[in-house]
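Have a look at the structure below before the remarks.
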């Protein structure tokens, strides 16, 4: 556990007055408050540091203890003993945020001042803090409605997610965030999905793209081809004289549309014509003949 | 009308320790919607989270009503942009450019 320089956090000299501290705190809080920096983990971390620094420096008793023993926090107990006789109830005039973000202090703070912040917060009911979680799934997982058990705040909750969730999409699970403050309602749980795609299909919203190899003769003369879709194989007719790069659309064979049951996107298949290799003498002969016919006819 | 998902404004103000005049000013500015049932004003539980944010901006950061309005609009724009960014990233991934 490292020493934390609260003056540095509030960008103040050690001689700063109470008014300087209040002003610096308000200025930095406006800059880093999580409400004006949504989804910014760095700002949230910085805001907690600022809040903690203010908790200590705006309270004359805590500030004195910190100034005297800050770097030697391990000896702070002796200070506590000496103070016991003259302890009086003191209340600082500073402000402590009482909402979602104000009660999370560092180990350094807990060690020096105990587990609780001052009793200065407004005794109001607030929703608990919202929690953010990341869930890693595969494309196969989100092709069908997905059920997952998550451990949140020590409790197992079973969640069902609709099919067709997008990579990077965030879903709110109401009431599964941190417990409320002073009896307020629970916060919400926000789950962001990271979807890994290890299939041969490329996803574009609810459409899928893939490519299929076609041998030269099927491409030239036409024929049937068994192609893989996301949920099984289908027989596909290849038209005669199909060029390499031709795209065909299989309607409704793409990915499920989010929250629209039984609605699917389309599957786009690009044909890649494979030319034969290791030609035999006979094949070469026949191909030469074909070449001649072709040049005479055109 | 069913008031199961509604919170009476007087009760809300008492629990959250905020003045009714502030809630009224938010309503007048179009920042929140109140539901009137039999001459009493209610807040929908769906809007609770948004209102808590406005309260924090005002009481904790000392931002006035006009400032809250500007910030709310910018935050909405930011949210839209973040969604567009996620969609664009997925598109780039699809095109094999990321």
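Chains as they are written, first to last, in our numbering: chain E, 441 to 738; chain Z, 9 to 106.
We treat Cβ as the ideally placed atom computed from N, Cα and C, and that holds for glycine.
Quick caveat, the model's predicted, so the values are computed rather than measured.
Legend entry - Three-state secondary structure assigned by DSSP to residue 562 of chain E: Per-residue confidence for residue 562 of chain E stands at a pLDDT of 46, beneath the threshold of 50, marking its modelled position as unreliable; the derived number appears in the next sentence. If DSSP states are grouped into helix, strand and coil, residue 562 of chain E belongs with coil.
Inset, instruction - Just the chain Z side, please: which residues come within less than 9 angstroms of residue 615 of chain E by C-beta, in chain order? - result: Those within 9 angstroms of residue 615 of chain E in chain Z number zero; the least Cβ separation is about 11 angstroms.
Inset, instruction - Please check if any C-beta of chain E sits within less than 8 angstroms of the C-beta of residue 47 of chain Z. - result: no
Legend entry - Interface partners of residue 16 of chain Z on chain E, CB under 8 angstroms: Within 8 angstroms Cβ-Cβ: nothing; residue 16 of chain Z doesn't reach chain E, min ~14 angstroms.
Inset, instruction - Name, please, each residue of chain E whose Cβ falls closer than 7 angstroms to the Cβ of residue 34 of chain Z. - result: Residues of chain E passing the Cβ test: none, with the nearest at roughly 15 angstroms.
Inset, instruction - Report all residues from its chain with a CB closer than 8 angstroms to the CB of residue 17 of chain Z; omit the five preceding and five following residues, and keep chain order. - result: 28, 31, 42, 48, 49, 50, 51
Inset, instruction - Check whether the Cβ atoms of residue 570 of chain E and residue 630 of chain E sit closer than 8 angstroms, and answer yes or no. - result: yes
Inset, instruction - Report the rounded CA-to-CA distance for residue 20 of chain Z versus residue 72 of chain Z, giving the unit in angstroms. - result: 21 angstroms
Inset, instruction - Give the straight-line distance between the Cα atoms of residue 447 of chain E and residue 453 of chain E, rounded to the nearest whole angstrom. - result: 6 angstroms
Inset, instruction - Please confirm if residue 28 of chain Z has its CB atom under 8 angstroms from at least one CB of chain E. - result: no
Legend entry - Buried versus exposed, by CB contacts within 10 Å (16 or more), residue 609 of chain E: buried
Inset, instruction - To the nearest angstrom, report how far apart residue 675 of chain E and residue 667 of chain E are at their CA atoms. - result: 6 angstroms
Inset, instruction - Please list the partners that residue 473 of chain E has in chain Z, where partner means a Cβ-to-Cβ separation under 9 angstroms. - result: 64, 65, 68, 69
Inset, instruction - Just the C-alpha distance for residue 698 of chain E and residue 69 of chain Z, rounded to the nearest angstrom, thanks. - result: 39 angstroms
Legend entry - Run of the alpha helix (DSSP H) containing residue 33 of chain Z, from where it starts to where it stops: 28 to 36
Inset, instruction - Under 7 angstroms between beta-carbons, which chain E residues line up against residue 98 of chain Z? List them in chain order, please. - result: 606, 607, 608
Inset, instruction - Taking all protein chains shown into account, decide if residue 74 of chain Z is buried (16 or more other Cβ within 10 angstroms of its Cβ) or exposed. - result: exposed
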